[in-house]
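Sequential numbering from 44 applies to the sequence shown in this note's numbering.
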Amino acid sequence: MASMNKPNQSTLLTDLTPYIYGTTRLGDDKIPFSERIKMARTAMETGVWFHASNQYNNAHQVLRAAFDEDRTKIPKLIVKLEGNSISELHKDLHNNLEPLGLENLEIGQLCLGTGELARDFANGGECYWEFVRIKAEGLVNRFVLEVFPWTSGTALQALKAGYPEGVVDGYIYYLNPLQRFASNELWELLNERKEAQIALRTVAGGPVHWLRDVPGVAWKEYLQKRAVKIAPIFERSGVENWTEFCVRFAFSFENIRATVGATSHAENLNEFLNASKHIQPLPTGIIDEITRLQYRWSDETDMHAEAWTM
Ligand SMILES: NC(=O)c1ccc[n+]([C@@H]2O[C@H](COP(=O)([O-])OP(=O)(O)OC[C@H]3O[C@@H](n4cnc5c(N)ncnc54)[C@H](OP(=O)(O)O)[C@@H]3O)[C@@H](O)[C@H]2O)c1
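As structure tokens, then:
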């Protein structure tokens, strides 16, 4: 992509709302469909961006129904696009646009997996021209690359060679006090280059004391163990609630543009919104302490995990 104009990274993704409504809970069929539409409408009224995927059970159906009630309030969307090849990715793009009743996505999240397409991306292959074509066709305005510990190598290789410049506008990965799913080396490079970044899973799945103490809240044992380490840091901080602590945590890193959190309750949505109003970074001492833990967790656990197991 050497012919692309070099963008100024600090101007990328500056129009996101700091809190983005994650839509996984809209796919929970234990909650009546009508209540989920109501929740989606409540979030739409606030003007925040949404993050969506056709993998969240029937969340797209809920969104479509909510959008059709008032199409003037359709939020800007980040939508996951999956594929092991460019044709699979194209197919998934249409499999998202059609159910949502949309012709265009504001941001497509490139979920390239670990196969052919990921290798092409790492090696500066044809996929970049396809992404440019998708933009030129008006189907997607911008792209962000999804990163996990087991795909950090792909991003690292591509970034070092400068391939994504001008095509990929930012990077999206789990970032909350219990998880930082870009490898240590990738994370350093992203920050050194001031790449725009989006944090996923604002509250790590729920309040830290629930994650620590209530069986089943932490979906994996490692999260419960991390909650044991993080809970006393949160308590010492004096911050009023876990949501605020987590939003402030994400925004303690200068290249974070937004954090994506989910809820099926209006009061929890309010907590996300209140925490996102006048965001103050956490004190440096707290950030240093958590960053040290995350470096260790990445080296000792995350980078050895089998793909998609954590
Ligand atoms: N690979 C990817 O792209 C990827 C992967 C994971 C997540 N995501 C995105 O990120 C979003 C958030 O991820 P996530 O749902 O895994 O993590 P999360 O936002 O950290 O946690 C959401 C969970 O926390 C609960 N919660 C939120 N606020 C609460 C509060 N104040 N008190 C008690 N419980 C509270 C919610 O339950 P209630 O419904 O009861 O409020 C929900 O079960 C997803 O919706 C999705 O859009 C993307």
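Heads up, the beta-carbon is just placed ideally off N, CA and C, and yes, glycines get one too.
Just so it is clear, the structure is predicted and the values come from calculations on it, not from any experiment.
Does DSSP put residue i in a helix, in a strand, or in coil?
i	result
TYR99	coil
ASN57	With the sequence shown as reference, residue 57 is identified as Thr, and Asn is not the correct amino acid for it. Three-state result, THR57: coil.
GLU314	helix
ALA108	helix
LEU232	helix
GLN323	coil
ARG300	strand
ASN139	helix
ILE117	coil
PHE93	strand
ILE215	strand
LEU160	helix
ALA45	Here the model assigns ALA45 a pLDDT of 44, short of 50, so the residue's position is not dependable and the matter cannot be decided.
TYR338	helix
LEU69	helix
Does ligand 1 have even one heavy atom less than 7 Å from the beta-carbon of residue i?
i	result
ARG244	yes
ARG68	yes
SER319	no
PRO61	no
SER195	no
ALA86	no
ASN219	yes
GLN152	yes
GLU189	yes
ASN311	yes
GLY304	yes
HIS252	no
LYS123	yes
GLU314	yes
SER226	no
GLY126	no
HIS347	no
HIS133	no
Between the alpha carbons of residue i and residue j, how many angstroms are there, rounded?
i	j	result
GLU297	SER280	20 Å
TYR206	PRO324	32 Å
LEU199	THR115	40 Å
GLU189	ASP113	30 Å
GLU238	GLY213	6 Å
GLY70	GLU332	36 Å
TYR250	LEU120	Tyr is not the amino acid found at residue 250; the sequence shown has Pro there. For PRO250 and LEU120, the distance between alpha carbons rounds to 26 Å.
SER195	GLU173	22 Å
ARG223	LEU229	11 Å
PRO192	TRP262	18 Å
TYR97	LEU140	Correcting the residue identity first, residue 97 is Asn in this sequence and not Tyr. Approximately 10 Å between the Cα atoms of the pair.
TYR217	ALA225	8 Å
GLN152	LEU55	15 Å
VAL246	GLU283	14 Å
SER307	GLY209	36 Å
GLN267	ALA165	34 Å
ILE129	ASN317	40 Å
TRP253	ALA305	16 Å
VAL175	ILE74	40 Å
PHE110	PRO275	42 Å
GLY248	THR352	16 Å
ALA179	ASN138	19 Å
LEU155	ASP163	10 Å
Nearest CA to the CA of residue i: which residue from the options?
i	options	result
GLU149	GLY70, ASP58, ASP71	ASP58
LEU221	THR334, ASP72, GLN104, THR85	THR334
TYR62	SER295, ILE241, TYR265	ILE241
ASN227	GLY90, ARG68, THR66, THR344	THR344
LYS123	ARG185, ASP163, ILE117	ARG185
GLN337	ALA270, VAL257, GLN52	ALA270
ALA182	LEU143, ASN147, THR157, GLY168	Looking at the sequence shown, residue 182 is not Ala but Leu. The option with the nearest alpha carbon to LEU182 is ASN147.
ILE117	ARG84, GLU314, PHE76, TRP253	ARG84
THR67	PHE110, LEU243, GLY328, ALA318	LEU243
LYS203	ASN219, ARG176, VAL175, ARG236	ARG236
ASN100	ILE177, ASP342, TYR171, ASP72	ASP72
SER319	THR327, SER341, SER295, TYR171	SER295
PHE277	ILE330, PHE315, TRP340	ILE330
ASN313	THR286, LEU233, ARG255	THR286
ALA201	ASN219, LEU160, ILE177	LEU160
ARG107	GLY259, TRP92, LEU145, THR327	LEU145
Worksheet item: What are the start and end residues of each continuous beta strand (DSSP E) run of 3 or more residues lying completely inside the region 165-203, in chain order?
Response: Runs of the beta strand (DSSP E) inside the region 165-203: 183-189.
Worksheet item: Residue ranges of each beta strand (DSSP E) run of no fewer than 3 residues wholly in the region 223-279, ordered along the chain?
Response: Runs found: 240-243.
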